[in-house]
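According to the working numbering, the residues represented by the sequence shown are 382 to 776, in order.
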Amino acid sequence: MLAARNFDRFATQNGARLVLKNTRGGHYALGLAQTRLRRYSTPVDPQKHTQKDDAPPPVAPTRKNRVELRPSPRPVQSSQVGNPSPTHAPASDPPRAVSRVQRVTPQPQQVSSSSSKLSVWQTMQEDYRSAEELGILKPPPENTGPFARIGAISHRAVQLFLFYVRGVRLIAANVRTARDLRKRVRSGGAPLTRPEWLLVHTSKDDVKRVVPFVLVACILEEALPFIVLYFPGFLPSTCTLPSQKQRMAEQRAERQQLALHNNREALAAMAQQPAGVSLHSLDARGLSALCGLFDLSSRFAPSFLLRSRLNSRLAFVTEDDGYLANELAQSRSLAHLTPEELRDALLQRGLLTTNLSTSDLQRRLEHWVAKTTDPSADVNTGLRIVVGQAISSSA
382 MLAARNFDRF ATQNGARLVL KNTRGGHYAL GLAQTRLRRY STPVDPQKHT
432 QKDDAPPPVA PTRKNRVELR PSPRPVQSSQ VGNPSPTHAP ASDPPRAVSR
482 VQRVTPQPQQ VSSSSSKLSV WQTMQEDYRS AEELGILKPP PENTGPFARI
532 GAISHRAVQL FLFYVRGVRL IAANVRTARD LRKRVRSGGA PLTRPEWLLV
582 HTSKDDVKRV VPFVLVACIL EEALPFIVLY FPGFLPSTCT LPSQKQRMAE
632 QRAERQQLAL HNNREALAAM AQQPAGVSLH SLDARGLSAL CGLFDLSSRF
682 APSFLLRSRL NSRLAFVTED DGYLANELAQ SRSLAHLTPE ELRDALLQRG
732 LLTTNLSTSD LQRRLEHWVA KTTDPSADVN TGLRIVVGQA ISSSA
């Protein structure tokens with residue numbers, strides 16, 4: 382009995398168990414059976430292997446929330462974005478989508494004429510087409526080949542270069558004509574007419590512009606169309622296409638309207654002066670306002686330079702008024718002037734020309750000439766007319 386207990390303790394300590402087996406003949410056999418040999422002798426499938434009881438349970442994989450794919454929010458109009466409210470977004474939308482819609486800020490709508498204008502390339506093409514329709518430039522030949530576009534561009538470049546060459550030659554011819562006209566007047570011949578006087582005056586300005594124009598045309602011929610588009614005053618009068626002249630007149634009218642809008646208070650203060658508008662008594666603000674109406678540059682210029690520019694313009698206008706007065710006395714009207722000539726004459730005098738018909742332009746110029754050539758008129762008569770019509774138009 383003691384031996385059996387010792388044997389049982391030995392089997393328990395060594396990881397075995399007692400086995401009692403009934404044999405034949407009523408005899409019993411006692412033996413040991415190892416219980417852990419299978420763990421080391423038989424390969425175990427890792428997929429069927431179970432973990433220990435004390436190991437932590439496996440962490441279940443987190444399932445991602447289902448993302449509801451919805452169409453992007455509709456573009457919000459400026460009137461709706463200005464007052465955002467939760468009612469504009471559906472209730473089922475996620476909060477992030479609503480916050481994105483609320484963060485949209487309306488863009489300021491700038492109403493300007495530049496939005497309706499053509500691009501640089503399109504403007505150049507329109508200038509060329511109008512010149513070809515008027516017969517100033519020769520149109521490109523009809524060509525439907527693969528290089529038709531390149532051929533048309535090169536043809537127009539050659540035609541434009543020839544046009545500039547003819548313009549430079551015309552400047553030289555105008556200079557000779559102006560010299561002959563001045564010689565005729567000095568010798569006691571017939572006085573100059575207004576077209577002849579304008580030719581003499583224009584030839585002087587063209588001579589000042591032809592030298593830098595020729596230098597740029599020889600050095601930067603490819604960039605000349607862009608320079609002409611952004612700086613139209615760079616061209617001499619004989620090298621300017623008709624559409625470019627019209628665009629320059631429109632830009633002058635726009636600058637005049639802008640100057641009137643920005644200097645209303647200064648013009649009103651000048652009109653309320655007891656002694657009236659006087660060029661020598663104006664301050665820097667008044668001089669700048671008048672330069673804007675006369676389309677004269679006033680940036681970074683001192684008062685004495687602004688006054689000198691106004692004096693030069695008034696001297697030119699006074700001499701032109703004398704020629705217009707003679708024509709008005711002979712024909713009783715200025716109906717022989719074209720709309721472009723009427724508009725240019727009024728812009729030279731600082732008078733507004735926007736939204737005026739040809740008859741209105743003519744009457745306004747005739748009124749100016751009648752007032753400034755009156756025997757009782759003085760140097761500041763024209764300035765008073767300019768300030769008066771500017772205030773009446775802005776009221």
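Here a beta-carbon is modelled for each residue, glycine too, at the ideal position from N, C-alpha and C.
6 Å CB neighbourhood of residue i in its chain, flanking five on each side removed
i    : result
A706 : V750, T754
H536 : P521
R590 : P617
R628 : none
M505 : P606
Y509 : R537
C777 : Coverage of the chain is limited to positions 382 through 776, which leaves residue 777 absent and any answer about it impossible.
Best match in the options for proximity to residue i [C-alpha to C-alpha]
i    : options                : result
L733 : A634, A604, K585       : A634
L663 : R636, L639, L691, E722 : L691
I517 : L622, R636, L737, R628 : L622
S678 : H642, R636, R563       : R636
G548 : V595, E708, L709       : V595
S774 : S757, A650, N736, P756 : N736
A771 : E602, A650, A758, L686 : A650
L601 : S712, F542, E514       : F542
R645 : C620, V767, L686       : V767
R550 : S712, D586, N643, C620 : C620
Whole-angstrom C-beta distance between residue j and residue i, which should lie under 8 Å
i    : j    : result
R688 : L718 : R688 to L718, Cβ: 31 Å. No contact.
L727 : V658 : Contact flag wrong, Cβ pair sits at about 19 Å.
I552 : P617 : 6 Å
A571 : R565 : 7 Å
L723 : L674 : The pair is not a contact, with the Cβ atoms about 18 Å apart (cut-off 8 Å).
A630 : D725 : 7 Å
P695 : V760 : The question names Pro, but residue 695 in the sequence shown is Leu. So it is a contact: roughly 7 Å between Cβ atoms.
Y345 : A512 : A query on residue 345 cannot be resolved here, the shown segment of the chain reaching from 382 to 776 and no further.
K519 : Q540 : 5 Å
Sequence-distant residues of its chain with Cβ nearer than 8 Å to residue i (five each side left out)
i    : result
H661 : R688
A647 : R666, G667, S669, A670
S714 : Q743, E747
G769 : A652
V501 : F607, L610
S584 : I552, N555, V556, T558, A559
G703 : T754
Q654 : S662
K777 : Beyond the ends of the chain as shown, which are 382 and 776, falls residue 777; an answer cannot be given.
N524 : G532, A533
L639 : G673
7 Å CB neighbourhood of residue i in its chain, flanking five on each side removed
i    : result
N464 : Only weak support exists for where N464 lies, its pLDDT of 45 falling under 50; the coordinates are left without a value.
T762 : K752, T753
P720 : T739, L742
D676 : R633, R636, Q637, L728
V698 : Q729, R730, G763
S684 : A665, L668
L709 : L715, E747, V750
L515 : P623
A758 : K752
Residue-level contact to chain B via CB, residue i, 8 Å cutoff
i    : result
E514 : The structure shown contains no chain B; it is built from a single protein chain.
At least three beta-carbon pairs within less than 8 Å, the stretch 604-612 to the stretch 742-755: no
Which runs of the alpha helix (DSSP H) spanning at least 4 residues fall entirely within the stretch 697-753, listed in chain order? 720-729, 739-753
I'd like the ranges of any alpha helix (DSSP H) spanning at least 4 consecutive residues and lying wholly in the stretch 511-570. 529-567
Secondary structure, alpha helix (DSSP H): runs of 4+ residues fully inside the stretch 596-661: 605-611, 623-643, 645-652
So, do the stretch 553-564 and the stretch 575-584 have three or more beta carbon pairs nearer to each other than 8 Å? yes
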